[in-house]
Amino acid sequence: MERSQSLEPSRPDRAPASGAERGEVLLDVVDLRVDFPLRGGLMMRVQATVRALNGVSLQLSRGEVLGLVGESGCGKTTFGRALVGLSPVTGGSIHFKGQDVLAEAQRQDRTRALKIQLIFQDPYASLHPRKQVRDLIGEGLRINGLAEGEEVDRRCLAILQRVGLGVDHLYRYPHEFSGGQRQRIALARALVLHPELLVLDEPTSALDVSVQAQTLNLLKELKRELKLTYLFISHDLGVVRYMSDRIAVMYLGNIVELGQTREVFSSPRHPYTRSLLSALPSVHGDKRLNRVVLEGDPPTPIDPPPGCPFAGRCPKVQALCRQDNPSLSTHGGAPSHQIACHYPEAP
Amino acid sequence: MAEITAKDALNHDEIRRLRLDARRRYLRDSYVLWRRNPITVVGTLIILTLLLIAAAAPLLATHDPYNQILAERLLPPSADYWFGSDNLGRDIYSRVIHGSRLTLMIAILVAITSGPLGLMIGVVAGYLGGAVDEILMRVADIFLAFPKLILAIAFAAALGAGLENAILAIAIANWPGYARLARAETLAVRNSDYIQAIRVLGAGRLRIMFLHVTPMCLSTLIVRVSLDMGAIILIAAGLGFLGLGAQPPSPEWGLMVSDGRNYIVDQWWVSTLPGTAILIVVLGFNLVGDGLRDILDPHQRQS
Amino acid sequence: MDARVTNQPLLRVEDLCIRFYTLRGVVHALDEITLHVNTGESVGIVGETGCGKSITARGILRLIDPPGRIVKGTVNFEGTDLLSLSERDIRKIRGSQISMIMQEPKMSLNPSMRVGKQVAETLMVHDRSLNKRAARAQALEMLAAVAIPDPGRMSRRYPHELSGGMAQRIMIAMMLVTRPKLLIADEPTSALDVTIQAQIIDLMNDLIEQIGSSVLMISHDLGVVAETCDRVIVMYAGNVVESGRVTDVLRDPQHPYTQGLLKTLPDQVDADDVLFSIEGTVPSLLAPPTGCRFAPRCPHVMERCRVEVPPITPLSSDHDVSCFLHEPG
C-alpha cells in the first residue's frame, strides 16, 4: 500500500497556528496491521482471523485535527487503541517524532504516556468508580514520578479548573457527576501529563447534543491553549466535519478516502463515502430523495476475501474490484485528496 | 508546553479540610444506606452485641467458666445457673459468655488470613492469565473438590488437635473459594475502560493489580466473607465437636455442644443453649453480609 | 401520506403526570403533559436525556413500575382511557393495538428463543384462534416484508446470531405483525450504524404506509425525526415546550429551547465558528425550578417565567408553544 502524502494542513482562509513547529510530522504510521485470531475447538486452534486493521498508513502533523470516521467494524477504534498500546499490533510501524513507539512494550509505555493519551467513549465506564477525582487525575502524575503528596492535589486542581470544574469536585467520586462532567475529568486526567497527541475515541457520542456542544467547544479551546494535536475518531459525520482539518474514511480495516475535510465533504469520490454522507438524516428532511441506500449489512472483518473490502456492497462493483485491493491514490484530483478505489468519482 | 497553574492556591489546611469533608460525606451516605435495610440493622446489632459480650466477658459472667462443682452437675436453668450446668458442674451461661471470645477469634482470624490470601491469588491469576492462571486455579480446584468441612477435618487432623491448628485448617480450606471469586471479578474488570485508561497512563501490571483491580474485588469479597463467617463458625464448631478443634476445658461453643450430646434427651440445655448462641451469631453475620452488599455498591450511591 | 390523515385523534394524552418516589426524594419526571396523535400520522418526540420522552411512551402503555407512579392524567386511545383499564385489558392492547419498538433490539428479543418463533408467538398470543402453522406462515411473510434475506433459514436463528440491523428488523416484524393501530418507536435507530439506519428508516416508512399505522417516534436525533415524521413534539425537563408540523418547528422554531437545540447541531455550523451551546445544564427533576423549567437557561427570560408556568399557546392551526414570549397581549 502506498504511503499517504505528508500534508500541509493549513488552509488559505485561516490564520496559521502559532508556534514554530506547525507542520512538523508528529505521528507517522506505516502499514499498520492488527489481527485477532479466533480460537476454538478442542485444541483451541486458530479457526479464523479478524483483520481489524488491514495495512493502514497515516501521518499527523502537529496542531492538526485528523478525523477518523467509519461505521462499526471499520477499525477506527482499533487504530486509536493501537497508538496507545491497547491493541496488539501484528505488523507495520508507528513512529512518534521519529521514535519507534512499538519497540519494547513496558519501558516504552511510560514514555509513550507522556506523549500520546486517549479519551474513551463511555464516560460512565472510563473512570474508576472507587477513586476520587483527585486520585483519578493524580494517578498519572504519581505513576510517572512527576509529583507527589500535596503537589498532586495542586496540579490536579489546576488542570481541573482548566476543563471547567473546580475545587468542590476534587474530592468527589465519579458517580456524583454527569456524563459531560465525567468527560471533562477524563480530559483532565489525560492532559495533566502534558501529552502532545490526544486520541479522542468518540468523546461525545454518549452525550446529549447540548452537552456535546459544550464539550466540543472545550476541546477546541484546549487544543489552542495547550498546543495539542488531535486524532478525532467518530461515527458522527456532523461532529467530525466541525472538528477536523482533515478526514480519513475507513471501511473494514482500510482507509478508503483521505483528504481535507471541506474537500471530502463537498466532493466525496469513494462510493462508500458517498453513501455514508447521503445516509445522514438531515434536519431539513430533504435528503431522502437522493439517498444512496446500501444493500445488506456491513460484513465482519473475519477472514476478508481478497480485493476491495467494499466490493460486496458497492453499487459500482466491477470484476477488478474483487481481485485487487486498491491503494490510496489521488486519481487526478487534488494532491491532498486520496481515494482507494479503482473507479472513483471524477474530481 | 504551556505551564498550568491553579487559579486559587491550595494550601495544606484547605486540602485537609476538603479531604475530611469527602470522607464525612462518604460515611454519612454509608450510614443512610445501612439504615435503610432493617435486616442489616438487626444483623449489625447482633454482631455488636457479640463484640460487647466478648469484650466484657469477665464482667458479664456469673461464675468462673472453668470451675467444676460436681455436686451441681446437670442442673436445669435456674436463678443460680441461668443456663443450667453441664456434666462437670460448670455454669453454662458463663461458659457461653466466655466462649464468645473464642468464637470471635476464630471468625476474625480465619477471615483475615484466608480473605487476603484468596484475594491476592485470585487477582494475580485473573489479571495475568495464561500459565499463571492455569496453575493457580488448578491448585484451587484441587482444594475446592473437597467439601470444606472434610478438608478442614483432614488438615486439622494432620496438624494436630488444638484451636490454633483448627483455625489454620479452616483458613486453608477457605482461601480457594475467595480466589475463585476474586478471579471472576478480575476477569470482569480487566478489560474495562477505566483499567485500560490507567494502562495508557503508563501503569505497570503490579500497580494495576493491587491498586486498581483489587478495590473492585473488595466489596464482593467482603460480602462473601461475612456471609461465610457463619459457615466458618459452624466448621469450627464441627471440629470442636469431633475433638479436633478447641480442647477441653475450653468453653468453645462447638465443644460445648459436643460435650452435651449424651444428655440431649433429658438435659437438653447442655447442648441446646450453646447451639442457640451459634445460631444467633451465624444469623447475625448472614444478615450483615447481605446488607453490606448494598452499602459497598457504588451504584447505590448515585446522586 | 396526507390523504389518510384525518383529524380524529387516535391517541390523546391529557395532563399526564408521572412521578418517581425515590429514596432521595420525588422526581417530577412528567409534568402534566398533553399531546395527541392523529390517525395515519407520524409524530416525533424529541428532547435530551431526562426530558421525559421515554417515560411518556411507557406511560402510554402503562409500563411504569414502582417507584414510578402515574399521578394523574388520561391516556385516551380510540375513546378508552388506558389508565382506567384493568391489567388484563391493557395487556390485550399491548402488542396488538399499540406496539413498541425499543432501542436495543438484541436486548428486547428473547435470547433463548429462535426469532421466527418469537414473531409467531406474538401473533398467537393475540389471536387464540390461530394455530401454530398459520402463525408461522404469517411470521415468515412478515420477515420477507421487512426484507430479511432467506426468511425460512433466518427465522431459525437466535438473536445473538444476528447483526444489529437484522435484529431491529425482527423487532419491527414482531411489532407490526399484528398490524397495530399505533406504533411507538423508542429510539429505534440510535444503536445502529448510519447506513443501516437509513435502511431501517426507509423500511419503517414503507411498512407504516402499507399497514396504515400511526407512529409515535421518540428520538434525540432531530434529523431522523425530520425525515420520518409529520409532526414533532419538543420536550424539556418533563414538559412539552413546542409542538407542530415538522417543517414549521424545525425551520422556524419559536421556543428558545428549540432554537437553542437547533443551533447546537454541529452540521449546521461552519467549522470556524464556535459551536453554540445552551448555557447551564438540565435541571434536576428532584427539585425542579418553579415556573417555566427552562427559565434558568433561557436567553429571553422574564421575571414572570420564574414564577408561572407558561400555558400552551397555539400559534397557528398546528403549531403550539409553551412560552410567555408568545402569549397574546
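Chains as they are written, first to last, in the working numbering: chain A, 676 to 1022; chain B, 539 to 841; chain C, -2 to 326.
We put the beta carbon where it would ideally sit given N, CA and C, even for glycine.
If you're wondering where the values come from, they're calculated on a predicted model, not measured in any experiment.
Whose C-beta lies closer than 6 Å to the C-beta of residue i among residues of the same chain, with five residues either side of it excluded?
i, result
"tryptophan 620 of chain B", "Tyr631"
"alanine 170 of chain C", "Val116, Met139, Leu140, Val143"
"threonine 255 of chain C", "Val231, Glu239"
"glycine 660 of chain B", "Ala717, Ala720, Arg721"
"methionine 918 of chain A", "Val740, Phe907"
"lysine 751 of chain A", "Leu743, Gly745, Ile908, Met925"
"isoleucine 205 of chain C", "Val212"
"phenylalanine 823 of chain B", "Ser764, Met767, Gly768"
"methionine 151 of chain C", "Ile145"
"valine 761 of chain B", "Gly827, Leu830, Arg831"
"alanine 986 of chain A", "Val992, Cys996, Arg997"
Measure how close the beta-carbons of residue i and residue j come, nearest whole angstrom, since I'm counting them as under 8 Å.
i, j, result
"asparagine 236 of chain C", "arginine 290 of chain C", "6 Å"
"aspartate 828 of chain B", "threonine 578 of chain B", "7 Å"
"tyrosine 801 of chain B", "leucine 612 of chain B", "6 Å"
"glutamine 27 of chain C", "glycine 47 of chain C", "Looking at the sequence provided, one finds leucine at residue 27 of chain C rather than glutamine. About 11 Å; that fails the 8 Å criterion."
Quick one: grab the DSSP three-state call for residue i.
i, result
"glycine 581 of chain B", "helix"
"cysteine 289 of chain C", "coil"
"phenylalanine 17 of chain C", "strand"
"glutamine 94 of chain C", "coil"
"leucine 233 of chain C", "The amino acid occupying residue 233 of chain C in the given sequence is tyrosine; leucine does not appear at that position. Reduced to three states, the DSSP call for tyrosine 233 of chain C is strand."
"phenylalanine 74 of chain C", "strand"
"aspartate 124 of chain C", "coil"
"tyrosine 905 of chain A", "strand"
"histidine 1017 of chain A", "coil"
"leucine 868 of chain A", "coil"
"lysine 806 of chain A", "coil"
Kindly list the residues whose CB is nearer than 8 Å to the CB of residue i, restricted to its own chain and excluding five residues on each side of it in sequence; keep chain order.
i, result
"leucine 179 of chain C", "Leu7, Leu8, Val34, Phe74, Gln94, Ile95, Ser96, Ser210, Ser211, Val212, Leu213"
"tyrosine 155 of chain C", "Pro108, Ser109, Met110, Arg111, Val112"
"aspartate 245 of chain C", "Ser313, Asp315, His316"
"valine 23 of chain C", "Arg16, Phe17, Leu283"
"threonine 975 of chain A", "Val725, Gly748"
"leucine 642 of chain B", "Leu588, Leu589, Ala592"
Residue j and residue i - do their beta-carbons sit closer together than 8 Å?
i, j, result
"serine 39 of chain C", "threonine 225 of chain C", "yes"
"valine 191 of chain C", "alanine 954 of chain A", "yes"
"leucine 701 of chain A", "arginine 737 of chain A", "yes"
"isoleucine 67 of chain C", "glycine 76 of chain C", "no"
"glycine 161 of chain C", "proline 102 of chain C", "yes"
"tyrosine 665 of chain B", "arginine 745 of chain B", "no"
"phenylalanine 795 of chain A", "aspartate 731 of chain B", "yes"
"cysteine 14 of chain C", "lysine 89 of chain C", "no"
"proline 870 of chain A", "lysine 790 of chain A", "yes"
"proline 798 of chain A", "glycine 715 of chain A", "no"
"proline 763 of chain A", "valine 709 of chain A", "yes"
"arginine 949 of chain A", "aspartate 264 of chain C", "no"
"arginine 176 of chain C", "isoleucine 208 of chain C", "yes"
Starting from residue i and walking both ways along the alpha helix (DSSP H), at which residues does that stretch end?
i, result
"tyrosine 917 of chain A", "912 to 918"
"lysine 751 of chain A", "751 to 758"
"tyrosine 665 of chain B", "630 to 666"
"isoleucine 275 of chain C", "Unbroken run through isoleucine 275 of chain C: none, as it is neither H nor E."
"glutamine 256 of chain C", "253 to 260"
"glutamate 702 of chain B", "701 to 728"
"isoleucine 833 of chain B", "807 to 834"
"threonine 244 of chain C", "243 to 248"
"valine 738 of chain B", "731 to 738"
Who are the near neighbours of residue i in its chain, counting only those whose CB is closer than 7 Å to its CB and skipping five residues on each side?
i, result
"serine 83 of chain C", "none"
"proline 684 of chain A", "Note that proline 684 of chain A scores 38 on pLDDT, short of 50, meaning its location in the model is unreliable; the coordinates nonetheless yield the value given after this. Correct list, in chain order: Ser736, Glu739, Asp920, Arg921."
"leucine 598 of chain B", "Ile591, Ile635"
"histidine 323 of chain C", "Gln251, Thr310, Leu312"
"threonine 753 of chain A", "Val709, Ala727, Leu728, Ser762"
Using a Cβ-based criterion (distance less than 7 Å to any ligand heavy atom), does residue i qualify as near the ligand GDP?
i, result
"glycine 220 of chain C", "Summarising the ligand content, the structure contains no ligands, and the ligand GDP is consequently not present."
At what residues does the beta strand (DSSP E) containing residue i begin and finish?
i, result
"alanine 26 of chain C", "22 to 35"
"phenylalanine 771 of chain A", "766 to 771"
* Identify each residue in the segment 719 to 747 of chain B for which the Cβ-Cβ distance to at least one residue of chain F is less than 9 Å, and report them in chain order. => The structure shown has no chain F; the protein chains it does contain are A, B and C.
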